[in-house]
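2 protein chains.
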Amino acid sequence: MNDAKANRLPSEPTLHRLPWYLAYVSLLRSRDVEYVSSTAISKEINVDPSQIAKDLSVLGIKGKTRIGYEVVSLEKALRNFLGFNRKHNAVMIGVGSLGGALIADTGLERFGLNIVAGFDVNPDIVGSSIKNVPIFHIDELARRAVAYNAEIAIVAVPVEQAQAVADLAVASGIRALWNFTPFRISTSPSTVIQNTSIYAHLAVMYNRLGVDDESGVENCF
Amino acid sequence: MNDAKANRLPSEPTLHRLPWYLAYVSLLRSRDVEYVSSTAISKEINVDPSQIAKDLSVLGIKGKTRIGYEVVSLEKALRNFLGFNRKHNAVMIGVGSLGGALIADTGLERFGLNIVAGFDVNPDIVGSSIKNVPIFHIDELARRAVAYNAEIAIVAVPVEQAQAVADLAVASGIRALWNFTPFRISTSPSTVIQNTSIYAHLAVMYNRLGVDDESGVENCF
Numbered sequence: 001m002n003d004a005k006a007n008r009l010p011s012e013p014t015l016h017r018l019p020w021y022l023a024y025v026s027l028l029r030s031r032d033v034e035y036v037s038s039t040a041i042s043k044e045i046n047v048d049p050s051q052i053a054k055d056l057s058v059l060g061i062k063g064k065t066r067i068g069y070e071v072v073s074l075e076k077a078l079r080n081f082l083g084f085n086r087k088h089n090a091v092m093i094g095v096g097s098l099g100g101a102l103i104a105d106t107g108l109e110r111f112g113l114n115i116v117a118g119f120d121v122n123p124d125i126v127g128s129s130i131k132n133v134p135i136f137h138i139d140e141l142a143r144r145a146v147a148y149n150a151e152i153a154i155v156a157v158p159v160e161q162a163q164a165v166a167d168l169a170v171a172s173g174i175r176a177l178w179n180f181t182p183f184r185i186s187t188s189p190s191t192v193i194q195n196t197s198i199y200a201h202l203a204v205m206y207n208r209l210g211v212d213d214e215s216g217v218e219n220c221f
Numbered sequence: 001m002n003d004a005k006a007n008r009l010p011s012e013p014t015l016h017r018l019p020w021y022l023a024y025v026s027l028l029r030s031r032d033v034e035y036v037s038s039t040a041i042s043k044e045i046n047v048d049p050s051q052i053a054k055d056l057s058v059l060g061i062k063g064k065t066r067i068g069y070e071v072v073s074l075e076k077a078l079r080n081f082l083g084f085n086r087k088h089n090a091v092m093i094g095v096g097s098l099g100g101a102l103i104a105d106t107g108l109e110r111f112g113l114n115i116v117a118g119f120d121v122n123p124d125i126v127g128s129s130i131k132n133v134p135i136f137h138i139d140e141l142a143r144r145a146v147a148y149n150a151e152i153a154i155v156a157v158p159v160e161q162a163q164a165v166a167d168l169a170v171a172s173g174i175r176a177l178w179n180f181t182p183f184r185i186s187t188s189p190s191t192v193i194q195n196t197s198i199y200a201h202l203a204v205m206y207n208r209l210g211v212d213d214e215s216g217v218e219n220c221f
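What follows is the structure, encoded as structure tokens:
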């Protein structure tokens, strides 16, 4: 790989697919499989083999002809490239039902997400802690975000507050927003934003379930 | 709207955008705004006004020229169309850290998701309950899914088990899978599947944060 290529950012679709490959390769490793071809990955993941080879080329490792990729090296390269083996400090803004649940989800830690503090306005929870993560008043965000060296703010507040807390987070030096609200937050291009559209996924499932299915069974909605 | 149009399924991108409009319209309603135009929604949401008008046409309601949509009716129509005001029975498969957190997140209930039971293999949690949701052994899934009239299975198991539990859920009469694992589950076309790619979103944030930002500050990864 030449320098120009190495410096080019992988596309968002590529970054979305890489964790799929990682999941499958981890599974193969747990089964003591030694090598895997892009064709074999393709059959499992339902992505074109040439797309897989192209996606994996960002890692700077190549499969061997007719043998494929070495599973252990590929897993390590993927985890390393994706940053899942490094700690990324994050703050949770909004420690209601979802925010509290996400703090309690220790699984995120295994993917490098280190939630260092939560922020809320509810006097019942400000001053408490969840799994050793302290909850502060939102007024302390600016000061604490710097002290904690937080890079990411997870936004799990009611829709009415989403834009305001996002602006506050960015003003506090936060560079990435992970938005769990259904509100479209506006940001400047220098802020990274990812929307996890829980409600959008519910909408698709409900809609498709509500339509008469192939077996002709009438749905009761 | 004619019958042919009414029977046509809205596309997945349309269904993904409708909850954004709902979030914004709910915000306007809470501020006692009476009417909203697609242009005004467009400015907030960053979607083309003609696309918004097209998306909203699936609801069968029309905006008035120069005035726009009545906020209260639009909110009601969106919530109704999206199925957020009806109960949809779901089972949680895998009651580890994430599965337990999602059961505890009462916010999903307000969007019509009714988690009726959890299933796991861990003897420490089988037989217990979370917020009154009972946790059973996975062997009981087939029987219980029918008894509970469950339509949706939320998959939050380790990657190694994802495909097997999905197959079991479908064999138990479940018609929609909400996959929280990074594993690509294979299903027949008659099963609805939605993937909530938590790890994909982390991957994008980590990658973009790891690149020197516009201000020229070198990142320490």
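For the protein sequence lines, the chains are A and B, in the order given.
Taking my numbering, I'd label the letters of the first sequence as residues 1 to 221.
Taking my numbering, I'd label the letters of the second sequence as residues 1 to 221.
Virtual Cβ for every residue (Gly too), placed ideally from N, Cα, C.
**Study point:** At least three beta-carbon pairs within less than 8 angstroms, the stretch 159-168 of chain A to the stretch 109-117 of chain A
**Key:** no
Check your understanding: Going by alpha carbons, who is nearest to SER188 (chain A) out of A:HIS201, A:VAL204, A:ALA200 and A:ASP167?
Key -> A:ASP167
Review point. Cβ of GLU70 (chain B) less than 9 angstroms from any chain A Cβ?
Key: no
Review point. Is it right to say ARG17 (chain A) is buried, meaning 16 or more other beta carbons lie within 10 angstroms of its own, or is it exposed?
Key: buried
Exercise for review: Report yes or no: do the stretch 76-92 of chain A and the stretch 43-53 of chain A share at least 3 C-beta pairs separated by less than 8 angstroms?
Suggested key: no
Exercise for review: Identify the continuous alpha helix (DSSP H) that holds ASP120 (chain A) and give its terminal residues.
Suggested key: Element bounds for ASP120 (chain A): not the alpha helix (DSSP H) but the beta strand (DSSP E), 113-120.
Point to revise | Inter-residue Cα distance where the pair is GLY68 (chain B) and TYR35 (chain A) | key: 59 angstroms
Review point. PHE221 (chain A) by DSSP, collapsed to three states: which one?
Key: With a pLDDT of only 32 at PHE221 (chain A), under 50, the local geometry of the prediction cannot be trusted, and the value read off the model is given with reservation. In this structure, PHE221 (chain A) counts as coil in the three-state DSSP scheme.
Point to revise | Residue environment, LEU15 (chain B), which counts as buried when at least 16 other CB atoms sit within 10 Å | key: buried
**Study point:** Among A:LYS76, A:ILE130 and A:ILE61, nearest to SER26 (chain A) - alpha-carbon criterion
**Key:** A:LYS76
Exercise for review: Report yes or no: is there a C-beta of chain B within less than 9 angstroms of the C-beta of ASN132 (chain A)?
Suggested key: no
Point to revise | GLY68 (chain B) - partner residues in DSSP beta bridges | key: B:LYS64
Point to revise | MET205 (chain A) versus ALA153 (chain B) - alpha carbon distance | key: 11 angstroms
Review point. Under three-state DSSP, which class holds ALA6 (chain B)?
Key: Since pLDDT at ALA6 (chain B) reaches only 45, below the 50 mark, its modelled position is unreliable, and the value read off the structure follows with that caveat. In this structure, ALA6 (chain B) counts as helix in the three-state DSSP scheme.
Practice item. Classify PHE81 (chain A) as helix, strand or coil using the three-state DSSP reduction. Key: helix
**Study point:** Unbroken alpha helix (DSSP H) run spanning ALA162 (chain A), endpoints
**Key:** 159-171
Exercise for review: Would you kindly work out how many angstroms separate the C-alpha atoms of LYS87 (chain A) and ILE115 (chain A), rounded to a whole number?
Suggested key: 10 angstroms
Check your understanding: Which whole-angstrom value is the C-beta distance of VAL133 (chain B) and ALA156 (chain B), which I expect to be below 8 angstroms?
Key -> 13 angstroms between Cβ atoms; not a contact.
Practice item. Could you confirm whether any beta carbon from chain B is found closer than 9 angstroms to the beta carbon of SER50 (chain A)? Key: no
**Study point:** the stretch 47-66 of chain B contacting the stretch 128-146 of chain B, beta-carbon criterion three pairs below 8 angstroms
**Key:** no
Check your understanding: Cβ atoms of ALA104 (chain B) and SER97 (chain A): under 9 angstroms apart, would you say?
Key -> yes
Review point. So VAL159 (chain A) packs on PHE136 (chain A), CB below 8 angstroms; how close in whole Å?
Key: Contact flag wrong, Cβ pair sits at about 22 angstroms.
Check your understanding: Around the C-beta of ASN179 (chain A), are 16 or more other C-beta atoms found within 10 angstroms, so that it is buried, or is it exposed?
Key -> buried
**Study point:** Simplified DSSP assignment, three categories, for PRO19 (chain B)
**Key:** helix
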